[in-house]
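Numbering (this note's numbering), first residue to last: 4 to 259. Here's the structure we're looking at; comments come further down.
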């Protein structure tokens, strides 16, 4: 199983890769806040945000095709959540249908809200993909720790990233064993076997967590995060943060 699907291109050497992870975390948070707070319909501002992301992708030397393919994952979830907005939003009717005794209508205002949600979600997920693809995951955790994010959250995220691959490998082995033993069974038996697999995986995960925690305690674990390498905030980080702040503030002032 591939264990680097989140930070697959984090080993590249570029200006963005060399930035302090704290700088990238704070800048990503500022970008997402700017996108979310931008009023709907200000498409020129959204175009500037997209241009900023494209420049960052170019500076980080990340494959554009890879970034775009990963960003498409967000669309089914966004559409599933916001698909009914055009039908319930009041406003000028764009189209209507009579289905039996039901009258269904789509408004232009509802379509505008739907497009606005899709555009904002896509810009935010693009920003997060650039962040995760240009920074090693352990560096992100280190940056979160230095930014005084609660240690419990940082440690849970670290354990999740470390052991989700182990659990995925175990689930794949259980699935392979199921397929080798379930030839010719009907659908109800297959569902029953899948339920047993999920329960067994949960029990094994719980037992593994107990063993790992006991092993950590035996090696002196006290709940504190021990960091060897120190982060350095350099002059390029200040230039990058200042430039991004200007790029986010100026379009808002010009077109709002």
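Cβ coordinates follow ideal geometry from the N, Cα and C atoms, glycine included.
Asked: Taking contact to mean 3 or more Cβ pairs, one atom from each stretch, closer than 8 Å, check whether the segment 55-70 and the segment 15-24 are in contact.; Found: yes
Asked: For the pair the segment 163-175 and the segment 199-212, tell me if three or more CB-CB distances fall below 8 Å.; Found: yes
Asked: Taking its Cβ as the centre, do 16 or more other Cβ atoms sit within 10 Å of residue 10, making it buried, or is it exposed?; Found: buried
Asked: Residues in its own chain within less than 6 Å of residue 119 by CB, not counting five upstream and five downstream?; Found: 43
Asked: Given a cut-off of 8 Å, decide if residue 238 and residue 24 are closer than it, judged by their beta-carbon atoms.; Found: no
Asked: What residue does the alpha helix (DSSP H) around residue 309 start on, and which one ends it?; Found: For residue 309 there is no data in the structure shown, the boundaries of the chain being 4 and 259.
Asked: Does the segment 75-88 come close enough to the segment 115-133 that 3 or more CB-CB pairs lie under 8 Å?; Found: yes
Asked: So is residue 70 buried or exposed if we call it buried at 16+ other beta carbons inside 10 Å?; Found: buried
Asked: Could you name the residues of the same chain whose beta carbon sits closer than 6 Å to that of residue 164, not counting the 5 residues immediately before and after it, in chain order?; Found: 140
Asked: State the DSSP-derived secondary structure class of residue 110, mapped to helix, strand or coil.; Found: strand
Asked: Taking just the CA atoms, how far does residue 248 sit from residue 13?; Found: 24 Å
Asked: Here's the rule: buried if 16 or more other CB atoms are within 10 angstroms of the residue's CB, otherwise exposed. What is residue 122?; Found: buried
Asked: Do residue 128 and residue 84 have their beta-carbon atoms positioned less than 8 Å apart in this structure?; Found: no
Asked: Measure how close the beta-carbons of residue 228 and residue 148 come, nearest whole angstrom, since I'm counting them as under 8 Å.; Found: 6 Å
Asked: For residue 52 and residue 126, which I take to be in contact (beta-carbon distance under 8 Å), what is that distance rounded to the nearest angstrom?; Found: 5 Å
Asked: Run the CB neighbour count on residue 54, radius 10 Å, all protein chains shown included, and call it buried at 16 or more, exposed below.; Found: exposed
Asked: Does DSSP classify residue 25 as helix, strand or coil?; Found: helix
Asked: Return the first residue and the last residue of the alpha helix (DSSP H) that residue 145 is part of.; Found: 140-149
Asked: Tell me the rounded alpha-carbon separation between residue 74 and residue 195.; Found: 35 Å
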